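**Student:** One structure, pasted below without further comment.
Protein chains in written order, with the working numbering: chain A, 2 to 111; chain B, 95 to 328.
Here it is, written out as structure tokens:
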């Protein structure tokens, strides 16, 4: 199980990565992240929405109200061009970090 | 069946956001809880259990309220800064520049002060003063003051918006000119201390005074009206 600190740091990357595939509303977004990480990453409502609002404020994502086919109104989030630009360096940073940790773990085991 | 909209409104009753903003947050959270609840019912949970588990996913409502307020307030601060300062400031700057360009192209001709003792217009002039431009600047200052005031700007913000069009000239006299004097000795021969002050007056002091002549009365009457409203409201 991944610890809280690392989860917090990866939350932005997770949200941006999932939204790269297309717009999603909050609930669907949290379910998708949970499913794609096989439950290692999960967002409570209290963690998800403040994070989404903050990312919207930074203009990485944009939320808009939409009405689904069953008539339910939901706020869908989309990745902005600014968010797309942000995603690439974030991916590179995390990839570098995990690669370094993997090397460190290998060295310790060896 | 749980009324999620009512539950969210009750639990976040103290949410310190403007009504429209708070209503959007309530709707969004209620929609999330409703989906979670329906999903749990679909998985075979009892109604009571589904409500309990959906609410359990929120955790501490006070913490949620605080986090939402903090994330949305920063956004509002940014918007306030734009409407109270940046928008009026750049509008006054743009208008004054366009107006100056119009007078440069179509006239009337500016008042040119020659170097003392030199033949008129044969040497670098001491100052070029666009009097017609200065006459129109109070209207631009008044517009800046009105817009900043209407957005709820405090006196300092309003006055900064009013005089913003002279900031590029201030930057020129404080940074550009000294740098030019240091880097180009050709300029240094033509610049004298009186010329510097005459230029400063023509491009900074007089325009700032003209802008304030229009902006200050607007700010004065707007702040008096605001004060009167606050007294009658209290």
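Glycine included, each C-beta is placed from N, C-alpha and C at the ideal position. Note that the structure is predicted; figures quoted are calculated from it, not measured.
Express the C-alpha separation of residue 148 of chain B and residue 137 of chain B in angstroms, rounding to a whole number.
**Tutor:** Spanning the two alpha carbons is a distance of roughly 13 Å.
**Student:** Is residue 295 of chain B close to chain A? Criterion is C-beta to C-beta, closer than 9 Å.
**Tutor:** no
**Student:** Please state whether the Cβ-Cβ distance between residue 77 of chain A and residue 61 of chain A is less than 9 Å.
**Tutor:** no
**Student:** Tell me the rounded alpha-carbon separation between residue 151 of chain B and residue 64 of chain A.
**Tutor:** Taking the straight line from one Cα to the other gives about 22 Å.
**Student:** DSSP state of residue 95 of chain A, grouped into three classes?
**Tutor:** helix
**Student:** Determine the contact status of residue 239 of chain B and residue 312 of chain B, defining contact as a CB-CB distance below 9 Å.
**Tutor:** yes
**Student:** Closer than 9 Å by beta-carbon distance: list the chain B residues that pair up with residue 91 of chain A, in chain order.
**Tutor:** What residue 91 of chain A touches in chain B: nothing, since even the nearest Cβ is about 19 Å away.
**Student:** To be precise: take each residue of the region 16-28 of chain A, compare its Cβ to all Cβ atoms of chain B, and keep it if any distance is under 7 Å. Which residues remain?
**Tutor:** 27 and 28
**Student:** With H, G and I counted as helix, E and B as strand and the rest as coil, what does DSSP make of residue 61 of chain A?
**Tutor:** coil
**Student:** Give me whichever residues DSSP pairs with residue 274 of chain B in a beta bridge.
**Tutor:** Paired residue(s): none; residue 274 of chain B is not in a bridge.
**Student:** Would you report the Cα separation of residue 47 of chain A and residue 139 of chain B, rounded to the nearest angstrom?
**Tutor:** 23 Å
**Student:** Within the chosen definition, does the region 35-51 of chain A reach the region 89-98 of chain A through at least 3 CB pairs nearer than 8 Å?
**Tutor:** no
**Student:** Pull up the CB-CB distance for residue 184 of chain B and residue 227 of chain B, whole angstroms please, since I reckon it's below 8 Å.
**Tutor:** That pair is no contact at about 18 Å.
**Student:** Secondary structure at residue 226 of chain B, three-state DSSP: helix, strand or coil?
**Tutor:** The answer is helix: DSSP assigns residue 226 of chain B an H, G or I state.
**Student:** What's the call for residue 1 of chain A, buried or exposed, on a 16-neighbour Cβ count within 10 Å?
**Tutor:** Coverage of chain A is limited to positions 2 through 111, which leaves residue 1 of chain A absent and any answer about it impossible.
**Student:** Does residue 75 of chain A pass the burial test, meaning 16 or more other C-beta atoms within 10 Å, or should it be called exposed?
**Tutor:** buried
**Student:** List, in order along the chain, the chain B residues whose C-beta lies closer than 9 Å to that of residue 50 of chain A?
**Tutor:** 119, 122, 123, 126, 158, 161, 162 and 165
**Student:** Kindly provide the ranges of any alpha helix (DSSP H) runs that are 4 or more residues long and lie completely inside the region 10-73 of chain A, ordered along the chain.
**Tutor:** 27-37 and 46-58
**Student:** Cα separation between residue 307 of chain B and residue 30 of chain A?
**Tutor:** 55 Å
**Student:** Could you tell me the boundaries of the alpha helix (DSSP H) in which residue 185 of chain B lies?
**Tutor:** 181-200
**Student:** Taking its Cβ as the centre, do 16 or more other Cβ atoms sit within 10 Å of residue 134 of chain B, making it buried, or is it exposed?
**Tutor:** buried
**Student:** Would you say residue 137 of chain B reaches chain A, if we count a Cβ-Cβ gap shorter than 9 Å as a contact?
**Tutor:** no
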